[in-house]
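Chemist: Quick one: the structure is below, questions incoming.
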Ligand SMILES: Cc1cc2nc3c(=O)[nH]c(=O)nc-3n(C[C@H](O)[C@H](O)[C@H](O)COP(=O)(O)OP(=O)(O)OC[C@H]3O[C@@H](n4cnc5c(N)ncnc54)[C@H](O)[C@@H]3O)c2cc1C
């Protein structure tokens, strides 16, 4: 398997023009070279290493292993390769993985196109020649059509930011640049600085050799026992019984390892369920299992805290000295917001008499000395210091090369405030330039073998496409890139990831911009986006050749990530369209969906009562904040197209509004169609508003501090009630809050066409609602279509519209018309949302920010200052 490597190997190819230059000969570069060669593209690969392997060439520290089972952390492109290679352990060691990559290089005769021990220093786009000029540290210059950074996410070690680290006269080691001959710590006093993955893997083995080991910890990290051994029998059986299905399942999974996504939400599960699921994942010793204990591990701090605390209990149960145990317990970041570690006897190591832990948060390092380390309170002498201080991740290796695109644009400068990519694969201003597992792709959140193969395949297919169409260049458009960046940010912003100072956020490198680097929505979702881009004629790319250029410009993902997941889930259920149901069935169906959702936040109290409607008593439910009253009040009208809905249907939303706005919410059960048709609902709403205003004090409210609010058809009757109250001149209304309102029966605006289907509220369903509610002759009446009414002298308004809602344009028209009539209006356009998503409390997390903004505006309507 071994292969003697001459440093100038590949030099023949490298001396002339080539189709593609690839930086990096690790997992990515090797497969890329293989694919491109198969397609007949001349390719040269450079690597600073003297052999293939990338990560597995450099990281030779004791205990280095993968953290994804090796059955899965393997190439899948060639079934024959899979047949001839067998892994000896569940988590293979670095030497075994390196042997594998060397085996791959030999098997496909890859080395002849790889130039080792050579650093690529710069790459510049030559517009006139439509070629990249690539320069290396040994003075070579190549011209190539395409330039690919397969340079790794974790390949640029971060220099230790410790004063005096070059003064030490003993032996210094870096886990990421471990000497090939190894290190012998027998009888030595050793320091390890850093307790990330590399530290956690190496510390038990260094402790087994050293006379004394002192570990310097800045951040305690979550780690679970790897339970290494033979590859798991069930994985092997599944793989061997149907290899194609197994690999396909990996490609279609969230993290790149086959497995079911649980429906158990940790925030709501019982203690028994929580404990049972956690213990089972703890026993499995697999990253994707522990990260998938609940479906909301990275979304809900309640769920996350459950797991974090269970792991802390495990640490306390292992580490004998209580103070050391507490220091080893991670408390400053959510579980999973840094890639959790898999270890073998890591925590047990601290029970050994010659091992000591120093907490740098309490006793920071002042300087490295010529004989050891000085902390603020102690002087240590060592024979050897091992730095396990991590990497300048994801962007570091890319911007370490001086890459210049069109018009002299420097990539380093373009990314000064954080990376900007389209699909994590390309970036505007840099034609024919690709990154493998770049920022904006799932990369480090996944089994990278799967992500790497997907990227390589995408790039190879793209190059083939260009050649087949006689096209020379490809470059993303600013619109597509901005849209992708937004999508990546939106996805991260609903998770707990951005709350941690992690290398995912660039927070471990001083001066690096704080931005969440990977794509969180999963390799399955990501792959679908990449495939769809291709299927839609390379959406968002400009492709140019001698015959001209073509561009189907656009944004590939405009829905919020969690809204898209809800729609996918609903599509899988294959529900019959509601407009084809009877009213009774539609109501029963609504009741079922309500029973299965999160309850919403806890309020001070809820009180059910009755109030006087237009034609008799109506039920209401009052939500009182936990804070001291009296409070401003909100008369609230639920959604449901005047036909469906109830006090229960909008209960979570009312709770949420109550807590956020610190107001008493009175949700009104107005009469429904078809039993009570137009104008029953509107009349009830007006009557209810008057009743609530008149009874403000006894309800615990502040008189004259009343906002009228509603969602959808409820917003319709709320708007009408405001107009009627103005006309009657008796009731003071402080403001109106209209969430995705129905304001006009016309149903002919563009949003009705654009969003006619696929976003829960369809154009057909809206027609069904109108048909049940009002005769066509009545629909133009302002009490049915408030947009057609007199809009002057109305209370200040907040109108919220959702981008993918048939009602979007009529809501916007209402906001415009109110403003024209001189009413103070806030129009909040919820990007990426649908008609229903803003009400899906604790399900569609991206709606929370919109509701927070809604509540802020609502507070501004109240004269009494409500503290934020
Ligand atoms: C210790 C460790 C353990 C890991 N374990 C796992 C795991 O279990 N599962 C998992 O999914 N991922 C793991 N990873 C992530 C791992 O990096 C990837 O899985 C994978 O190996 C990356 O392959 P790559 O080819 O993209 O990059 P790399 O393997 O990093 O290779 C990039 C190569 O590019 C070269 N290079 C960079 N810049 C230049 C330049 N300017 N000129 C010339 N050469 C250059 C580097 O020398 C390097 O050899 C681990 C990472 C580390 C550090």
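Numbering (our numbering), first residue to last: 11 to 878. Think of the CB as a built atom: it goes at the ideal place given N, C-alpha and C, for glycine as much as any other residue. Treat the numbers as computed from the prediction; the structure is a model and nothing was measured.
Using beta-carbon positions only, say whether residue 632 and residue 709 come within less than 8 Å of one another.
Modeler: A contact, by the Cβ cut-off of 8 Å.
Chemist: Enumerate, from N- to C-terminal direction, the unbroken beta strand (DSSP E) stretches of 3 or more residues contained entirely within the region 37-92.
Modeler: Listed in chain order, they are 53-56.
Chemist: What does the Cβ neighbour count give for residue 487, buried or exposed, with the cut at 16 atoms within 10 Å?
Modeler: Classification of residue 487: buried, given that the 10 Å Cβ count is 16 or more.
Chemist: Since residue 814 sits in a beta bridge, which residues does DSSP pair it with?
Modeler: DSSP output for residue 814 lists 844 as bridge partner(s).
Chemist: Could I get the ranges of all uninterrupted beta strand (DSSP E) runs contained in the region 351-430, with 3 residues as the minimum, in chain order?
Modeler: List check, beta strand (DSSP E) in window: 351-353, 365-369, 375-378, 382-385, 389-391, 394-397, 412-414.
Chemist: Considering only heavy atoms of ligand 1, does any lie closer than 7 Å to the CB of residue 300?
Modeler: It does not: the Cβ of residue 300 is nowhere closer than 7 Å to a heavy atom of ligand 1.
Chemist: Tell me where the alpha helix (DSSP H) around residue 312 begins and ends.
Modeler: From DSSP, the alpha helix (DSSP H) with residue 312 extends over 311-328.
Chemist: Less than 8 Å between the CB atoms is what I'm expecting for residue 60 and residue 126, so what's the real figure, rounded?
Modeler: That pair is a contact at about 5 Å.
Chemist: Do residue 648 and residue 666 count as a contact pair if the criterion is CB distance below 8 Å?
Modeler: Against a cut-off of 8 Å, the Cβ pair of residue 648 and residue 666 comes out as no contact.
Chemist: Looking only at its own chain, which residues have a Cβ that is under 8 Å from the Cβ of residue 212, when we skip the five neighbours before and after it?
Modeler: The residues are 71, 72, 73, 74, 185, 202, 396, 398.
Chemist: Just the C-alpha distance for residue 387 and residue 342, rounded to the nearest angstrom, thanks.
Modeler: Approximately 23 Å, taken between the alpha carbons.
Chemist: Please report the residue range of the beta strand (DSSP E) in which residue 561 lies.
Modeler: First-last of the beta strand (DSSP E) with residue 561: 558-561.
Chemist: My understanding is that residue 39 touches residue 57, with C-beta atoms under 8 Å, so please give their C-beta distance in whole angstroms.
Modeler: Between residue 57 and residue 39 the Cβ distance is about 7 Å, and since that is below 8 Å, they are a contact.
Chemist: Is residue 648 helix, strand or coil when you go by DSSP?
Modeler: Reduced to three states, the DSSP call for residue 648 is coil.
Chemist: Can you find the residues in the same chain that come closer than 7 Å, C-beta to C-beta, to residue 102, ignoring five residues on each side of it along the sequence?
Modeler: Once the five neighbours on either side are set aside, the close Cβ partners of residue 102 are 75, 76, 80.
Chemist: I need the boundaries of the beta strand (DSSP E) containing residue 727, first residue and last residue.
Modeler: Premise fails: residue 727 lies in the alpha helix (DSSP H), 723-738, not in any beta strand (DSSP E).
Chemist: Could you tell me whether the Cβ atoms of residue 360 and residue 550 are closer together than 8 Å?
Modeler: For residue 360 and residue 550, no; Cβs fall outside 8 Å.
Chemist: Can you give me the C-alpha to C-alpha distance between residue 110 and residue 296, rounded to a whole angstrom?
Modeler: The alpha-carbon atoms of residue 110 and residue 296 are separated by roughly 22 Å.
Chemist: Cβ-heavy atom distance between residue 404 and ligand 1 below 7 Å?
Modeler: Flag unset: Cβ of residue 404 not near ligand 1.
Chemist: How would you call residue 372, buried or exposed, if buried means at least 16 neighbouring beta carbons within 10 angstroms?
Modeler: That one is exposed.
Chemist: Below 8 Å on the Cβ atoms is my contact criterion, and I expect residue 430 with residue 529 to pass it. Report the Cβ-Cβ distance as a whole number of Å.
Modeler: Incorrect: roughly 13 Å between the Cβ atoms, too far for contact.
Chemist: According to the Cβ coordinates, are residue 227 and residue 368 closer than 8 Å?
Modeler: Taking 8 Å as the Cβ cut-off, residue 227 and residue 368 qualify as a contacting pair.
Chemist: Measuring only the C-alpha atoms, how far is residue 869 from residue 671?
Modeler: Cα to Cα, residue 869 sits roughly 6 Å from residue 671.
Chemist: Tell me whether residue 547 sits in a helix, a strand or coil according to DSSP, three-state version.
Modeler: It is coil, neither helix nor strand.
Chemist: Decide if residue 682 is buried, meaning its Cβ has at least 16 other Cβ atoms within 10 Å, or exposed.
Modeler: Buried.
Chemist: By the 10 Å Cβ neighbour count, where 16 or more other Cβ atoms means buried, how is residue 190 classified, buried or exposed?
Modeler: Looking at its Cβ environment, which holds fewer than 16 other Cβ atoms inside 10 Å, residue 190 is exposed.
Chemist: Which residue comes first and which comes last in the alpha helix (DSSP H) that contains residue 440?
Modeler: It is not in any alpha helix (DSSP H) - residue 440 carries neither H nor E in the DSSP assignment.
Chemist: By DSSP, does residue 287 sit in helix, in strand, or in coil?
Modeler: In this structure, residue 287 counts as helix in the three-state DSSP scheme.
Chemist: Sort out for me which residues DSSP pairs residue 30 with in a bridge.
Modeler: 53, 156, per the DSSP bridge assignment.
Chemist: Identify, in the order they occur along the chain, each residue of the same chain with its Cβ nearer than 8 Å to the Cβ of residue 18, setting aside the five sequence neighbours on each side.
Modeler: Only weak support is given to the placement of residue 18: the predicted model assigns it a pLDDT of 45, under 50, and the value that follows is read from those uncertain coordinates. Cβ neighbours of residue 18 beyond the five flanking positions: 125.
Chemist: Based on Cα-Cα distance, which residue from 853, 720, 845, 273 lies nearest to residue 675?
Modeler: Checked all of 853, 720, 845, 273; the closest Cα to residue 675 is 720.
Chemist: Just to confirm the assignment: which complete alpha helix (DSSP H) runs, minimum length 4, are found wholly within the region 755-812?
Modeler: Counting only runs of 4 or more, we get 760-764, 773-783.
Chemist: Provide the residue span of the beta strand (DSSP E) that contains residue 142, from first to last.
Modeler: Segment 141-146, the beta strand (DSSP E) holding residue 142.
Chemist: For residue 30, count neighbouring C-beta atoms within 10 Å of its own C-beta (all shown protein chains included) and say buried if the count is 16 or more, exposed if not.
Modeler: Classification of residue 30: buried, given that the 10 Å Cβ count is 16 or more.
Chemist: By DSSP, does residue 868 sit in helix, in strand, or in coil?
Modeler: Reduced to three states, the DSSP call for residue 868 is helix.
Chemist: Report buried or exposed for residue 14, applying the criterion of at least 16 other Cβ atoms within 10 angstroms of its Cβ.
Modeler: Since pLDDT at residue 14 reaches only 33, below the 50 mark, its modelled position is unreliable, and the value read off the structure follows with that caveat. Exposed is the call here.
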